[in-house]
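Visitor: Here you go, one structure.
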Amino acid sequence: MVKLVEAAERGLGGRNQQLVLAAAQRLWDDVAEGIALLSGGTDGEDGPTDAAGAVVDAEVLQAARRHRLDPADFLKRNDAYHFFAPLGALIKTGPTHTNVCDLRVVVVDRIESTRRR
Numbered sequence: 258m259v260k261l262v263e264a265a266e267r268g269l270g271g272r273n274q275q276l277v278l279a280a281a282q283r284l285w286d287d288v289a290e291g292i293a294l295l296s297g298g299t300d301g302e303d304g305p306t307d308a309a310g311a312v313v314d315a316e317v318l319q320a321a322r323r324h325r326l327d328p329a330d331f332l333k334r335n336d337a338y339h340f341f342a343p344l345g346a347l348i349k350t351g352p353t354h355t356n357v358c359d360l361r362v363v364v365v366d367r368i369e370s371t372r373r374r
């Protein structure tokens with residue numbers, strides 16, 4: 258569930274972008290290598306934006322650090338759009354003229370253990 262802050266403090270984004278931003282915050286201090294999350298609206302729109310959603314992986318998080326973007330700051334302001342825009346991590350499809358539902362895809366690489374069994 259997305260809790261909106263007061264309109265005067267609120268940025269841009271929709272529920273899909275907010276979900277991916279929450280995942281970015283959770284992965285911020287952890288090793289995100291091998292994890293990718295995509296969330297988007299099949300209609301090509303997410304909230305009052307031109308993006309269908311967003312994607313996060315280790316590369317996006319590294320770019321956010323280079324740009325000194327703190328996901329917690331953007332998350333508390335419901336401003337996922339402005340977090341992902343400079344990182345090239347928004348999904349922009351344009352209107353698809355269909356609305357099946359939101360689509361979420363998580364990919365996790367298997368990490369082989371070097372420990373013998």
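With the working numbering applied, the sequence shown corresponds to residues 258 to 374, in that order. No residue lacks a Cβ here, since even glycine has one placed at the ideal position from N, Cα and C. Owing to the predicted nature of the structure, the values given are computational and were not obtained by experimental measurement.
#1: Give the secondary structure of G311 by DSSP, where H, G and I count as helix, E and B as strand, and everything else as coil.
#2: What residues are listed by DSSP as bridge partners for L360?
#3: Check for me: the alpha helix (DSSP H) holding D330 runs from which residue to which?
#4: Helix, strand or coil: how does DSSP classify L269 here?
#5: Measuring only the C-alpha atoms, how far is G310 from D286?
#6: Would you call the region 334–341 and the region 270–277 in contact, with 3 or more CB pairs under 8 Å?
#7: So the candidates are L278, D303, V365 and G351; which of them puts its Cα closest to the Cα of L318?
#8: Using CA atoms only, rank isn't needed, just tell me which of K349, L344 and A293 is closest to R322.
#9: So which of K333, V312 and A342 has the shortest CA-CA distance to H324?
#10: Looking at the structure shown, is V259 part of a helix, part of a strand, or coil, going by DSSP?
Guide: Concretely, from the data shown:
#1: On the sequence shown, position 54 is the one that residue 311 refers to. Position check: residue 311 holds Ala in this sequence, whereas Gly was assumed. Of the three classes helix, strand and coil, the one that applies to A311 here is strand, per DSSP.
#2: Residue numbering aside, residue 360 sits at position 103 when the sequence shown is read from its first letter. G297.
#3: Within the sequence shown, numbered from 1, the residue matching residue 330 stands at position 73. Counting along the chain, the alpha helix (DSSP H) containing D330 begins and ends at P328 to K333.
#4: Within the sequence shown, residue 269 is the residue found at index 12, counting from 1. Residue state, collapsed to three classes: coil.
#5: The count along the sequence shown starts at 1 and reaches residue 310 at position 53. The count along the sequence shown starts at 1 and reaches residue 286 at position 29. Using only the alpha carbons, I get a separation of about 23 Å.
#6: Yes: the two stretches touch, three or more of their Cβ pairs being nearer than 8 Å.
#7: Within the sequence shown, residue 318 is the residue found at index 61, counting from 1. Here the closest residue by C-alpha is L278.
#8: Locating residue 322 in the sequence shown gives position 65, where the first residue counts as 1. For R322, the nearest C-alpha among the options comes from L344.
#9: Reading the sequence shown from its first residue, position 67 is the one you call residue 324. Of the candidates K333, V312 and A342, the one whose C-alpha sits nearest the C-alpha of H324 is A342.
#10: One-based indexing of the sequence shown puts residue 259 at position 2. Coil at V259, not helix or strand.
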